[in-house]
Every structure is written in C-alpha cells, then in structure tokens.
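Residue numbers (my numbering): 16 to 155. Data block below; observations after.
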Amino acid sequence: MFRATRVLSMAVAQKTSTGLVGLAVNPNWRVDLIKLYGETLKATQTHLPDCFYRTSVEQITNFRLKVVTEHEEEDTVEKLINCGQVEELIEQAEDELFLIPKYAGNVTPPPTSLQSRFSSCALRMATVGTAGHAQGRIMH
C-alpha cells in the first residue's frame, strides 16, 4: 500500500521551480506554446516564400508545434525538442515573435542581376576603403 501511494504521489507531483532565476513555472505551458507557435507561423507570412529566414523559422516552429500537440508530458516535449525547459521554449517563441517584424523591415530585396551584385559590392568596398584611407587607417 505504501509503495502504491508513493508512486501515485510522484506521478501527480508538479514542478514548483524551473531552477532558473527570474523564470517562473508556467502551468499552462502547452496552451501557451501552441498559441505562440500558431502566431509565429502566421507572422512569417509577411516574408517572401523563398526567404531563408522564413523557411528556417517555419521548419523549426512546425516541428515544435507537432511535438507539443502530439505529447502532453512536459518531460517528453523537453526531450524531443531538446532546447531547454518548456518555460524556456515559451521565451524563445516570444523572442521570435518580437524579431519577425523587425527582420521583415530590414530585409533588402535581392539584386536583380549579377551586375547589380557586383556594383553593390564595389560601392560598399569603395565606401569602406575611402573611409579607412581618409582616417589614415586600414579597415578590415
């Protein structure tokens, strides 16, 4: 009887601390992650379909969303995703959501031809070379 009670109490035990300063336990981690991953996938739609950043974020987010929706156990999700505790995964998802619009606003369109790539590169090199030379130092 004692053994069964101990096993049952271990199964019901909930995490009381993440062990990380400033990061509280989130009892609704699964609902929050599913919501954040959905918002992330929606937010990436502002990027061009062949944008490397977009495809990378979508692949990672789709994988994590699949793991979270298929598994309800916190330990299993943490092991399969292998990027920290579920509370850390929430912070990562929030950070990505914060970054997506900033990245979208700073992406320059790709050059239309090989010629424009070279002229763009040459212009940057000339600017750096002039700035470094004018100040009497070499720019690396």
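The C-beta atom is built at its ideal place from N, Cα and C for all residues, glycine as well.
Contact belief for Val-101 with Glu-93 at Cβ below 8 Å, rounded distance in angstroms: Rounded, the Cβ-Cβ distance is 6 Å, consistent with contact.
C-alpha distance - Asn-43 paired with Ile-49, whole-angstrom precision: Distance between the alpha carbons of Asn-43 and Ile-49: 10 Å.
Proximity to Val-36 [Cα-Cα], best of Glu-88, Glu-103, Leu-112 and Ala-108: If we check each option's Cα against that of Val-36, Glu-103 comes out closest.
Distance, Tyr-68 Cα to Tyr-118 Cα: Spanning the alpha carbons of Tyr-118 and Tyr-68 requires a straight line of approximately 9 Å.
Of the listed residues Thr-55, His-62, Val-72 and Ile-105, nearest to Gly-120 (C-alpha basis): Comparing Cα-Cα distances from Gly-120 to each of Thr-55, His-62, Val-72 and Ile-105, the minimum goes to His-62.
Cβ shell of Ser-32 (< 7 Å), same chain only, five flanking positions each side left out: Answer for Ser-32: Val-40, listed in chain order.
Residues near Leu-56 in its chain [Cβ-Cβ closer than 8 Å; skip 5 each side]: Answer for Leu-56: Glu-73, Thr-76, Asn-77 and Leu-80, listed in chain order.
Selected residue, minimal CA-CA separation from Ala-108, among Val-46, Pro-64, Gly-34 and Gln-29: Taking Ala-108 as reference, the option from Val-46, Pro-64, Gly-34 and Gln-29 with the minimal CA-CA separation is Val-46.
Neighbour-count burial assignment, Thr-91, 16 or more Cβ in a 10 Å radius: With fewer than 16 Cβ atoms within 10 Å of its Cβ, Thr-91 is classed as exposed.
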